[in-house]
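S.K.:
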Ligand SMILES: Cc1cc2nc3c(=O)[nH]c(=O)nc-3n(C[C@H](O)[C@H](O)[C@H](O)COP(=O)(O)OP(=O)(O)OC[C@H]3O[C@@H](n4cnc5c(N)ncnc54)[C@H](O)[C@@H]3O)c2cc1C
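In UniProt numbering, the protein residues as written are 1 to 422.
Right under this line is the structure:
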C-alpha cells in the first residue's frame with residue numbers, strides 16, 4: 001500500500017469552537033485531502049523540473065522545482081485563492097480579518113491531511129503580524145496584500161550561529177550609512193532560516209545603535225532576497241521537507257531607510273508581537289503532524305492481524321495510541337487558549353500559553369509519531385508507508401522556534417518564580 005492520506009483521519013474535537021471554525025476545519029481538511037495523495041507520493045528529493053514546472057509565486061515557485069515543491073506551490077496558490085493564507089491579516093490589506101486562531105486551524109488541518117505548509121508559520125503569521133501591527137502604511141501596502149494572496153512570501157531570520165537559544169547575544173547590526181542618505185548598512189550571519197530561496201524577502205532581526213543612548217537595541221529589517229551582497233547557502237538537513245533551511249551572510253549590505261520595520265524604538269515590541277504567533281503556529285504544525293501519524297497507525301492497527309484479533313485489540317498497541325490521542329487533544333486545548341488570548345490582544349497572557357502550547361504539542365507529536373512508527377512494525381520503517389521520515393520531522397517543533405528546555409526555563413522563571421541558572 002503506498003503512503004497515502006489517511007483513510008480515517010483523526011479529527012479534532014471542535015466542542016469549544018464556533019460554527020465558523022468547524023466549517024473552516026472541514027473546508028481546509030477537504031482541500032488537504034485533495035492534495036495529500038500526490039504530496040506524499042512526491043519524492044521531494046530534487047527530481048528536477050517536470051513538464052508543468054516553472055517559476056511562479058509562492059513556496060516552490062522560486063527555487064529549483066521538484067515534484068514535491070510543485071505540489072506545495074499548487075496548494076499554496078489554491079489556499080491563497082480560498083482566502084486561507086491571509087485569513088489573519090487585516091481586511092483592508094486583502095486579508096480575511098480573522099486571527100491566529102483561524103490561521104492555526106488552517107495549518108493543523110493541512111498537516112492532519114498530510115500536507116503541512118511550513119511557511120505558514122513564518123510568512124503570514126510572524127512577518128504578516130509584525131508588519132500589520134508595526135509596519136508603516138507604505139510597508140503594509142507593499143507587503144500585506146501579496147502575503148495574503150500568496151504572490152509574495154517572507155522568511156524570518158533571528159537565529160545566529162554564535163547565539164542560538166540566547167537571542168540576547170545576536171550580533172547582526174544595522175548602522176546608518178555615513179553619507180547622510182538615511183540608508184542602512186547591515187552586517188551579520190544567520191543560520192537555519194527556513195525558505196529563504198522561495199521568499200521575496202527575509203525579515204531579519206538585528207540591532208541598531210540608539211541615537212540618544214548609544215546602546216544597541218533590537219530592530220527588524222526587511223531584506224529583499226536580491227539585495228546585492230545578501231548571500232544564502234542551503235544547509236544539508238536530514239529532513240524530507242520541501243522547505244529548506246539556509247545559512248545567511250551579509251556584510252555592510254545597503255538597504256533603504258524604509259527597510260526598517262516601523263520606527264526605531266519599537267523593535268522589542270515588534271519582536272514579541274511576532275513570537276506568540278510563531279509559537280502558536282508551531283504548535284498547530286505539530287498537532288497536524290501528530291494527527292496524521294496517529295490516523296495511519298489506527299488504520300493499520302485496525303486491520304493488521306497476526307494472531308486471532310487485529311493488533312489494535314492488544315492493549316499494548318491500543319493504549320499508547322489512545323494516550324497519543326489524549327495528549328494531542330490536551331495540546332490543542334492549550335493552543336486554542338493561546339490563540340484566543342492573542343487574538344483578544346492579551347500579549348502577556350498569550351506569552352505563557354503560547355509557550356506551553358508549543359511545548360505540549362511538540363512533545364505530544366514526538367510521542368504520537370514514535371508510537372505510530374512502532375505500531376506498523378517493520379512497515380513503520382519503509383518508505384512505502386512514509387512514517388519513518390516523520391521521526392526526524394517531528395523533532396523540529398521540539399527544537400524550533402524555541403527549544404523544549406528554553407520553554408521549561410521560561411515556565412520555571414516566569415510562572416513559578418524560580419531562580420535562573422544563566
Ligand atoms: C528545521 C528548522 C527550521 C528552522 N527555521 C528557522 C527560521 O526560519 N528562522 C530562524 O530564525 N530560526 C530557525 N530555526 C532555528 C531554531 O529556532 C534554533 O535551532 C533553536 O532556537 C535552537 O537554537 P540552536 O539550534 O542554536 O541550539 P542551541 O541554542 O545551541 O541549544 C542546543 C541545546 O542546548 C539546550 N540549551 C541551550 N541553552 C539552554 C539553557 N539555558 N538551559 C537548558 N538547555 C539549554 C537547547 O534546549 C538545545 O537542546 C530552525 C531550526 C530548525 C531545526
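Cβ atoms here follow ideal geometry from the backbone N, Cα and C, with glycine treated the same way.
Which complete alpha helix (DSSP H) runs does the segment 372-416 hold, if anything under 4 residues is left out?
M.R.: 388-399 and 404-410
S.K.: Inspect the CB distances between the segment 106-117 and the segment 68-87 and report whether three or more fall short of 8 Å.
M.R.: yes
S.K.: Assuming residue 311 contacts residue 317 under a Cβ cut-off of 8 Å, what Cβ separation, rounded to an integer in Å, is found between them?
M.R.: Indexing the chain shown from 1 puts residue 311 at position 311. Indexing the chain shown from 1 puts residue 317 at position 317. Here residue 311 really is in contact with residue 317; their C-beta atoms are around 5 Å apart, less than 8 Å.
S.K.: Quick check: is any heavy atom of ligand 1 less than 7 Å from the C-beta of residue 415?
M.R.: Locating residue 415 in the chain shown gives position 415, where the first residue counts as 1. For ligand 1, not one heavy atom lies less than 7 Å from the Cβ of residue 415.
S.K.: Threshold first: 3 residues or longer. Then list the beta strand (DSSP E) segments lying entirely within the UniProt domain "Acyl-CoA oxidase/dehydrogenase middle" (155-252), N to C.
M.R.: With a minimum length of 3 residues, the continuous beta strand (DSSP E) runs that stay inside the UniProt domain "Acyl-CoA oxidase/dehydrogenase middle" (155-252) are 173-176, 184-194, 201-209, 216-224 and 231-234.
S.K.: Would you mind giving the Cβ-Cβ distance between residue 372 and residue 297, rounded to the nearest angstrom? I have them listed as a contact below 8 Å.
M.R.: What you label residue 372 is simply residue 372 of the chain shown in a count that begins at 1. What you label residue 297 is simply residue 297 of the chain shown in a count that begins at 1. That pair is a contact at about 4 Å.
S.K.: Take residue 303 and list the residues in its own chain whose beta-carbon comes closer than 7 Å to its own, dropping the five residues that flank it on each side.
M.R.: By one-based count along the chain shown, residue 303 stands at place 303. Once the five neighbours on either side are set aside, the close Cβ partners of residue 303 are 310.
S.K.: Nearest CA to the CA of residue 154: which residue from 144, 161 and 10?
M.R.: For this step, residue 154 is matched to residue 154 along the chain shown. Checked all of 144, 161 and 10; the closest Cα to residue 154 is 144.
S.K.: Does ligand 1 have even one heavy atom less than 7 Å from the beta-carbon of residue 223?
M.R.: Indexing the chain shown from 1 puts residue 223 at position 223. Because no heavy atom of ligand 1 lies under 7 Å away, the Cβ of residue 223 does not count as near it: no.
S.K.: Measuring CB atoms only, is the segment 275-292 touching the segment 198-210, in the sense that at least three cross pairs come out at less than 8 Å?
M.R.: no
S.K.: Determine the contact status of residue 28 and residue 122, defining contact as a CB-CB distance below 8 Å.
M.R.: The count along the chain shown starts at 1 and reaches residue 28 at position 28. The count along the chain shown starts at 1 and reaches residue 122 at position 122. Cβ atoms of residue 28 and residue 122: not closer than 8 Å.
S.K.: Pairs of beta-carbons, one from the segment 145-165 and one from the segment 74-87, closer than 8 Å: are there three or more?
M.R.: yes
S.K.: Is it the case that the Cβ atoms of residue 393 and residue 281 are separated by a distance below 8 Å?
M.R.: Looking up residue 393 in the chain shown gives position 393. Looking up residue 281 in the chain shown gives position 281. Cβ distance not < 8 Å, so residue 393 and residue 281 don't count as in contact.
S.K.: Pick out whichever of 200, 253, 220 and 192 has its Cα sitting closest to the Cα of residue 236.
M.R.: On the chain shown, residue 236 is found 236 positions in, with the first residue counted as 1. It is 192 whose Cα lies nearest to the Cα of residue 236.
S.K.: Taking C-alpha atoms, which residue in 362, 218 and 339 lies nearest to residue 402?
M.R.: As a first step, residue 402 is located in the chain shown; it is residue number 402 there, counting from the start. The shortest Cα separation from residue 402 among 362, 218 and 339 belongs to 362.
S.K.: For the segment 262-269 against the segment 217-225, do three or more pairs of beta-carbon atoms, one drawn from each stretch, fall closer than 8 Å, so that the two count as touching?
M.R.: The segment 262-269 is in contact with the segment 217-225.
S.K.: Helix, strand or coil for residue 85 per DSSP?
M.R.: What you label residue 85 is simply residue 85 of the chain shown in a count that begins at 1. Residue 85 falls in the coil class under three-state DSSP.
S.K.: Could you give the DSSP three-state label for residue 90: helix, strand or coil?
M.R.: Start at 1 with the first residue of the chain shown, and residue 90 comes out as number 90. Residue 90 falls in the coil class under three-state DSSP.
S.K.: Tell me the rounded alpha-carbon separation between residue 414 and residue 184.
M.R.: Stepping through the chain shown from its first residue, residue 414 is reached at position 414. Stepping through the chain shown from its first residue, residue 184 is reached at position 184. Between residue 414 and residue 184, the C-alpha separation is close to 36 Å.
S.K.: List the endpoints of the continuous alpha helix (DSSP H) containing residue 343.
M.R.: Here residue 343 is taken as the residue at index 343 of the chain shown, counted from 1. Element bounds for residue 343: 315-343.
S.K.: What does the alpha-carbon distance come out to for the pair residue 337 and residue 177?
M.R.: Here residue 337 refers to the residue found at position 337 when the chain shown is read from its first residue. Here residue 177 refers to the residue found at position 177 when the chain shown is read from its first residue. Straight-line Cα distance between these residues: approximately 45 Å.
S.K.: Is residue 281 near ligand 1, going by C-beta to nearest heavy atom under 7 Å?
M.R.: One-based indexing of the chain shown puts residue 281 at position 281. Checking the Cβ of residue 281 against ligand 1 gives no.
S.K.: Can you tell me whether DSSP reads residue 254 as helix, strand or coil?
M.R.: Within the chain shown, the letter at position 254 stands for residue 254. Of the three classes helix, strand and coil, the one that applies to residue 254 here is strand, per DSSP.
S.K.: Indicate the three-state DSSP secondary structure (helix, strand or coil) for residue 277 in the structure shown.
M.R.: In the chain shown, residue 277 corresponds to position 277, counting from 1. It is helical.
S.K.: Have a look at residue 134 and residue 261 and give me their C-alpha separation to the nearest angstrom.
M.R.: Here the question's residue 134 lines up with position 134 in the chain shown. Here the question's residue 261 lines up with position 261 in the chain shown. Going from the Cα of residue 134 to the Cα of residue 261 covers about 7 Å.
S.K.: Using the three-state DSSP reduction, which class does residue 116 fall into: helix, strand or coil?
M.R.: For the purposes of this step, residue 116 is identified with residue 116 of the chain shown, where counting begins at 1. The answer is coil: DSSP assigns residue 116 none of H, G, I, E or B.
S.K.: I'd like the span of the alpha helix (DSSP H) that includes residue 146, first residue to last.
M.R.: For the purposes of this step, residue 146 is taken as residue 146 along the chain shown, with counting starting at 1. Element bounds for residue 146: 137-149.
S.K.: Are there 16 or more other CB atoms within 10 angstroms of the CB of residue 390, so buried, or fewer, so exposed?
M.R.: As a first step, residue 390 must be located in the chain shown, where it is residue number 390. With 16 or more other Cβ atoms within 10 Å, it is buried.
S.K.: What residue range does the alpha helix (DSSP H) around residue 10 cover?
M.R.: The residue you call residue 10 lines up with position 10 of the chain shown. Residue 10 -> no alpha helix (DSSP H), and no H or E assigned at all.
S.K.: Taking 7 Å as the cut-off, is the beta-carbon of residue 119 closer than that to any non-hydrogen atom of ligand 1?
M.R.: If you number the chain shown from 1, residue 119 lands on position 119. No, Cβ of residue 119 sits at least 7 Å from all heavy atoms of ligand 1.
S.K.: How would you call residue 179, buried or exposed, if buried means at least 16 neighbouring beta carbons within 10 angstroms?
M.R.: By one-based count along the chain shown, residue 179 stands at place 179. Exposed: under 16 other Cβ atoms inside 10 Å.
S.K.: Is it buried or exposed, residue 308, if we count other Cβ atoms within 10 angstroms and call 16 or more buried?
M.R.: Locating residue 308 in the chain shown gives position 308, where the first residue counts as 1. Classification of residue 308: exposed, given that the 10 Å Cβ count is below 16.
S.K.: Does the beta carbon of residue 271 fall short of 7 Å from some heavy atom of ligand 1?
M.R.: Walking along the chain shown from the start, residue 271 turns up at place 271. Every heavy atom of ligand 1 is 7 Å or more from the Cβ of residue 271, so no.
S.K.: Residue 355 and residue 399 - do their beta-carbons sit closer together than 8 Å?
M.R.: If you number the chain shown from 1, residue 399 lands on position 399. If you number the chain shown from 1, residue 355 lands on position 355. No, Cβ-Cβ distance for residue 399 and residue 355 is not below 8 Å.
S.K.: What do you get for residue 161, buried or exposed, if any count of 16 or more other CB atoms within 10 angstroms of its CB means buried?
M.R.: As a working note, residue 161 is residue 161 in the chain shown. Flag for residue 161 reads exposed.
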